[in-house]
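Trainee: Quick mapping for you: the protein sequence lines, in order, are chains A and B. Position 261, counted from 1, in the first sequence is what the numbering used here calls 261; the numbers after and before it change by one each time, with no gaps. In the numbering used here, each residue carries its 1-based index in the second sequence increased by 366. No residue lacks a Cβ here, since even glycine has one placed at the ideal position from N, Cα and C. First the structure, then my questions, so here it is.
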Amino acid sequence: MTRTEFLQGNVACAEGALAAGCRFFAGYPITPSTEVAEHLALKLPKRKGVFIQMEDEIASMAAVIGASWTGARAMTATSGPGFSLMMEHIGYAAMTETPCVVVNIQRGGPSTGQPTLGAQGDMLQCRFGSHGDYSVIALSPASVQEMFSLTVAAFNLADRFRVPVFLMADEIIGHMRERFAIPDEVEVVPRRPLAKGVLPFAAGPDGVPGFPVFGAGHGVHVTGLTHDERGYPRATSPDLHQELVMRLTHKVESARRDIADYQVVNPGARRVFISYGAPARTVQQVLHDRKDPTVGHLQLRVVWPFPEFALGEFPEAEVFLFPEMNLGQMAREAERHTDVPLVPIPRLGGELHTPAMLGKALEAHP
Amino acid sequence: MTFRDWYRVDRLPTIYCAGCGNGTVINCALHAVDAMAWKQEETVFVSGIGCSSRAPGYIATDSLHTTHGRALAFATGVKLARPDLHVVIFTGDGDLAAIGGNHFIHACRRNVDMTVICMNNWIYGMTGGQGSPTTPVGALSTTTPYGSAEGVFDISELAVAAGANHVARWTSYHVKELTRAIQTGLETPGFSLIEVLVQCPTGYGRRNRLREVSDMIEFLKTHAMLLSRYRKMVAEGKPVPADIFTVGEFVRRNRPAMGVPP
């Protein structure tokens with residue numbers, strides 16, 4: 001029996017984590033993400049899970065990674081300033097191929113910025129924020145229902161590709177209350193265990209090694225240093241380093257089509273909005289009000305790896321309009337994949353674009 | 367099994383310099399672990415960054431070589447998610463007391479059930495001999511070329527004040543006492559810290575008039591004062607030499623702990 005709830009996005013995210021079998025949460029209080037932690041502090045102990053409030057976000061991310069190596073589905077939630085602190089261990093998770101989910105309820109930055117107001121200013125940070133080359137997966141929900149369903153998806157993707165997966169939400173979706181459905185069961189795709197006789201960091205055909213869970217006798221050595229297939233440090237071999245980093249990047253980038261999740265409205269449109277997260281709601285309103293087949297909408301649920309092929313879903317497009325609550329972070333990424341003119345519609349300050357603002361953009365491109 | 371069976375032999379020899387004390391400490395730790403009759407598949411070694419933190423890479427169990435200063439936060443995640451696993455951490459003075467200072471005091475406060483072996487050589491060895499929070503006042507390093515002007519942390523006293531259940535300090539000279547102290551740490555539920563003063567002839571000794579390995583070990587031997595004797599001298603108002611350090615068991619207690627297996 002599917003259960004219907006009327007709750008805020010952050011709570012839906014926590015419920016999604018529980019449904020996905022999250023057994024470990026470590027976090028540090030920060031507005032506007034704290035409700036995720038509060039809800040899991042309430043629920044996890046009753047389900048034989050672990051909730052711990054760490055001394056900072058660096059430690060939170062570390063504890064999540066430690067728990068993940070024992071096989072637990074593990075998560076943390078934060079916002080901009082905490083996200084900045086987590087970068088060190090996001091890189092460690094990428095290098096050691098540790099599955100984990102990081103929820104970022106974005107607020108206005110830089111620095112302490114606007115703690116209580118929404119933004120999308122961390123979209124490039126989640127992709128490129130730690131040092132070195134690597135690849136990650138980032139999802140962006142535009143409704144309370146998607147806060148639930150994309151959290152579940154995040155755990156499955158993290159386990160499948162053994163990368164940090166980000167739920168890049170924003171304060172608006174995180175604090176918005178909507179009706180949403182909690183199914184009895186959700187699809188859970190567990191980690192592929194390490195097969196007998198295989199080296200712990202030897203990749204399968206998908207570029208992902210089997211997972212050698214701690215406590216099972218694998219005797220695996222995990223290090224953030226450049227390592228060989230045994231997991232042993234070999235930090236001075238140029239070829240080995242290149243091979244490893246290429247694999248870490250390629251295992252995600254080569255599966256872009258498989259990972260992609262987006263919605264196309266009016267594929268024959270000449271003028272096409274691209275959106276993710278809260279601004280998708282304004283675009284939906286504009287399309288609803290206008291009922292104009294020349295106006296289309298590409299709503300991205302997976303933002304990284306960027307599904308550039310999705311732009312081809314609109315063969316008649318004469319202009320792409322990209323409203324974001326930043327100065328055009330993803331618009332820049334989209335722009336480099338298309339010859340169609342792309343117009344960023346940036347909005348800072350914490351308030352969503354109004355339908356009138358997007359209407360004006362349409363009138364500028366008749 | 368003997369302590370030798372705990373070594374990951376295909377990774378030997380270690381990267382440590384000639385005369386380094388870290389190998390002695392690993393030997394003592396593995397003797398203690400072996401005496402506990404733990405199984406390798408039930409034991410996890412965790413470390414941060416630095417010379418000491420390379421130790422888990424030479425041990426044939428699951429091991430997590432993490433980031434600089436954060437080993438205790440990673441270990442907290444391992445232990446709370448799987449309390450039935452034994453968790454042992456190797457760290458150093460820079461790793462634990464400088465960049466990891468906050469994680470250190472909070473792990474003590476939580477009294478998470480784990481044993482931390484801190485190799486304190488008063489210097490950053492891996493990066494070539496920079497001053498650390500335990501570099502003695504006046505001592506020379508590459509970043510204190512005119513002598514260190516900063517006060518030092520007493521790592522053991524810090525652990526006692528922050529709430530650890532068991533705290534002891536020995537040196538790489540006192541191998542029997544050290545092995546026994548580590549075993550006590552492994553047996554004690556809650557957080558245990560064993561601080562080990564180790565010689566670093568390459569990064570510390572040669573700049574501080576302790577040129578030979580034997581000079582440094584002689585220094586550790588002759589400047590270590592038993593805690594009980596030190597406390598007695600202080601109680602009796604007798605003058606304590608300024609250049610000694612205390613060794614022995616600082617505390618063994620039973621505060622409520624986290625991550626203790628049921």
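Ordered along the chain, which non-local residues of its own chain (more than five positions away) have a Cβ less than 8 Å from that of glutamate 97/A?
Mentor: As a first step, residue 97/A must be located in the first sequence, where it is residue number 97. Arg162, Val163, Phe201, Val208, Pro209, Leu248.
Trainee: Measure the C-alpha to C-alpha separation of cysteine 126/A and arginine 575/B and round it to an integer number of angstroms.
Mentor: Taking the first sequence and counting its residues from 1, the one referred to as residue 126/A is at position 126. Taking the second sequence and counting its residues from 1, the one referred to as residue 575/B is at position 209. Cysteine 126/A and arginine 575/B: Cα-Cα distance of roughly 50 Å.
Trainee: So, is the C-beta of glutamate 55/A closer than 7 Å to a C-beta in chain B?
Mentor: The count along the first sequence starts at 1 and reaches residue 55/A at position 55. Glutamate 55/A counts as touching chain B.
Trainee: May I ask you to report which of helix, strand or coil DSSP gives threonine 249/A?
Mentor: What you label residue 249/A is simply residue 249 of the first sequence in a count that begins at 1. If DSSP states are grouped into helix, strand and coil, threonine 249/A belongs with the helices.
Trainee: Anything in chain B within Cβ reach of tryptophan 69/A, meaning under 7 Å, just list it in chain order.
Mentor: Counting from one through the first sequence, the residue named residue 69/A turns up at place 69. Chain B residues near tryptophan 69/A: Leu430, Val444.
Trainee: Just checking: is the beta-carbon of alanine 195/A within a distance shorter than 7 Å of some beta-carbon in chain B?
Mentor: Translated into the one-based positions of the first sequence, residue 195/A becomes position 195. Output row for alanine 195/A: interface = no.
Trainee: Return the residues of the region 460-478 of chain B that lie within a Cβ-Cβ distance of less than 7 Å from chain A, sorted by chain order.
Mentor: Asn468, His469, His472
Trainee: For the beta strand (DSSP E) that contains methionine 485/B, what are its first and last residues?
Mentor: Here residue 485/B refers to the residue found at position 119 of the second sequence. It spans 480-486 - the beta strand (DSSP E) in which methionine 485/B sits, taken as one unbroken run.
Trainee: Output yes if chain B places a C-beta closer than 7 Å to the C-beta of glutamate 378/A; else output no.
Mentor: Chain A is shown only over 1 to 366; residue 378/A falls outside these bounds and no answer can be derived.
Trainee: Name the residues in the region 201-214 of chain A whose C-beta lies less than 9 Å from a C-beta of chain B; which are they?
Mentor: Pro212, Val213, Phe214
Trainee: So the candidates are Glu57/A, Pro99/A, Ala17/A; which of them puts its Cα closest to the Cα of serine 149/A?
Mentor: The residue you call residue 149/A lines up with position 149 of the first sequence. Per the Cα distances, Ala17/A.
Trainee: Just to confirm before moving on: does the CB-CB distance between alanine 441/B and glycine 414/B stay below 7 Å?
Mentor: For the purposes of this step, residue 441/B is identified with residue 75 of the second sequence, where counting begins at 1. For the purposes of this step, residue 414/B is identified with residue 48 of the second sequence, where counting begins at 1. No, Cβ-Cβ distance for alanine 441/B and glycine 414/B is not below 7 Å.
Trainee: Does the Cβ of alanine 364/A have 16 or more other Cβ atoms within 10 Å, making it buried, or fewer, making it exposed?
Mentor: Looking up residue 364/A in the first sequence gives position 364. The residue in question, alanine 364/A, is exposed, as its Cβ has fewer than 16 Cβ neighbours within 10 Å.
Trainee: So, under 8 Å CB-CB, glutamate 408/B and aspartate 450/B are touching, yes? Tell me the CB distance rounded to an integer number of Å.
Mentor: By 1-based counting over the second sequence, the position of residue 408/B is 42. By 1-based counting over the second sequence, the position of residue 450/B is 84. Rounded, the Cβ-Cβ distance is 7 Å, consistent with contact.
Trainee: Leucine 552/B CB to nearest chain A CB: under 7 Å?
Mentor: Taking the first residue of the second sequence as position 1, residue 552/B is located at position 186. False, the Cβ-Cβ gap to chain A never drops below 7 Å.
Trainee: On the DSSP bridge assignment, give the partners of glutamine 114/A in chain order.
Mentor: Residue numbering aside, residue 114/A sits at position 114 when the first sequence is read from its first letter. Answer by DSSP bridge pairing, in chain order: Gly108/A.
Trainee: Going along chain A in order, which residues have a C-beta closer than 8 Å to the C-beta of phenylalanine 440/B?
Mentor: The sequence position of residue 440/B within the second sequence is 74, counting from 1. Under the 8 Å cutoff, chain A gives Ala62, Ala63, Ile65, Gly66.
Trainee: For isoleucine 274/A, which beta-bridge partners are listed by DSSP?
Mentor: Here the question's residue 274/A lines up with position 274 in the first sequence. According to DSSP, isoleucine 274/A bridges with Leu298/A.
Trainee: Between the Cα of arginine 107/A and those of Ala269/A, Ser79/A, Phe128/A, spot the shortest distance and give me the residue it belongs to.
Mentor: Taking the first residue of the first sequence as position 1, residue 107/A is located at position 107. When each option's Cα is compared against that of arginine 107/A, the closest is Ser79/A.
Trainee: Under 7 Å, Cβ to Cβ, is there at least one residue of chain A near arginine 448/B?
Mentor: Taking the first residue of the second sequence as position 1, residue 448/B is located at position 82. At least one chain A Cβ lies under 7 Å of arginine 448/B.
Trainee: For threonine 508/B, which residues in chain A fall below 7 Å Cβ to Cβ?
Mentor: Taking the second sequence and counting its residues from 1, one reaches residue 508/B at position 142. By Cβ distance, chain A contributes nothing, its closest Cβ being about 22 Å from threonine 508/B, past 7 Å.
Trainee: For a cutoff of 7 Å on Cβ pairs, would you count glycine 217/A as touching chain B?
Mentor: Taking the first sequence and counting its residues from 1, one reaches residue 217/A at position 217. Yes, glycine 217/A lies at the interface with chain B (some Cβ there is under 7 Å from its Cβ).
Trainee: Quick check on DSSP: helix, strand or coil for glycine 138/A?
Mentor: The sequence position of residue 138/A within the first sequence is 138, counting from 1. According to the sequence displayed, residue 138/A carries alanine and not glycine. In the structure shown, alanine 138/A sits in a strand (DSSP, three-state: E or B).
Trainee: Can you tell me the Cβ-Cβ gap for isoleucine 586/B and serine 522/B, rounded? I've got them flagged as a contact below 8 Å.
Mentor: Start at 1 with the first residue of the second sequence, and residue 586/B comes out as number 220. Start at 1 with the first residue of the second sequence, and residue 522/B comes out as number 156. Correcting the residue type first, residue 586/B is leucine in the shown sequence and not isoleucine. Not quite, the Cβ-Cβ distance comes to about 15 Å (not below 8 Å), so this is no contact.
Trainee: Output, in chain order, the set of chain A residues within a Cβ distance shorter than 7 Å of threonine 433/B.
Mentor: Position 67 of the second sequence, counted from the start, is the residue given in the question as residue 433/B. Per Cβ cutoff of 7 Å: Glu88, His89, Tyr92, Gly224.
Trainee: With a threshold of 16 other CB atoms inside 10 Å of the CB of leucine 592/B, please say whether the residue is buried or exposed.
Mentor: Walking along the second sequence from the start, residue 592/B turns up at place 226. Leucine 592/B should be labelled exposed.
Trainee: From what residue to what residue does the alpha helix (DSSP H) around phenylalanine 148/A run?
Mentor: Position 148 of the first sequence, counting from 1, holds the residue named residue 148/A. 144-161 is the extent of the alpha helix (DSSP H) around phenylalanine 148/A.
Trainee: Any chance the region 253-264 of chain A sits against the region 323-341 of chain A, with 3 or more Cβ pairs inside 8 Å?
Mentor: no
Trainee: Need the endpoints of the beta strand (DSSP E) that isoleucine 182/A sits in, please.
Mentor: Residue mapping note: residue 182/A aligns to position 182 of the first sequence, counting from 1. From DSSP, the beta strand (DSSP E) with isoleucine 182/A extends over 177-182.
Trainee: Give the residues of chain B in contact with valine 50/A, contact being defined as C-beta atoms less than 8 Å apart.
Mentor: Position 50 of the first sequence, counted from the start, is the residue given in the question as residue 50/A. Near valine 50/A (Cβ distances below 8 Å), the residues of chain B are Leu446, Ala447.
Trainee: CA-CA distance, arginine 577/B and isoleucine 583/B?
Mentor: The residue labelled residue 577/B in the question sits at position 211 within the second sequence. The residue labelled residue 583/B in the question sits at position 217 within the second sequence. If you draw a straight line from the Cα of arginine 577/B to the Cα of isoleucine 583/B, it is about 11 Å long.
Trainee: Please state whether DSSP places serine 511/B in a helix, a strand or coil.
Mentor: Here residue 511/B refers to the residue found at position 145 of the second sequence. Note that residue 511/B is proline in the sequence shown here, rather than serine. The answer is coil: DSSP assigns proline 511/B none of H, G, I, E or B.
Trainee: Give the C-beta separation of methionine 485/B and valine 541/B to the nearest angstrom, bearing in mind that I take them to be a contact with Cβ-Cβ under 8 Å.
Mentor: The residue you call residue 485/B lines up with position 119 of the second sequence. The residue you call residue 541/B lines up with position 175 of the second sequence. Not really, about 14 Å apart at Cβ, beyond 8 Å.
Trainee: Looking only at its own chain, which residues have a Cβ that is under 7 Å from the Cβ of leucine 342/A, when we skip the five neighbours before and after it?
Mentor: Looking up residue 342/A in the first sequence gives position 342. Same-chain partners within the cutoff: Phe320, Phe322, Ala331, Ala334, Glu335.
Trainee: Given a limit of 8 Å on CB to CB distance, which residues of the region 14-44 of chain A reach chain B?
Mentor: Here the close residues are Arg23, Phe24, Ala26.
Trainee: Consider the Cβ of alanine 278/A: report whether some Cβ of chain B lies at a distance smaller than 7 Å.
Mentor: The residue given as residue 278/A occupies position 278 in the first sequence. Taking Cβ atoms only, chain B never reaches closer than 7 Å to alanine 278/A, which makes this a no.
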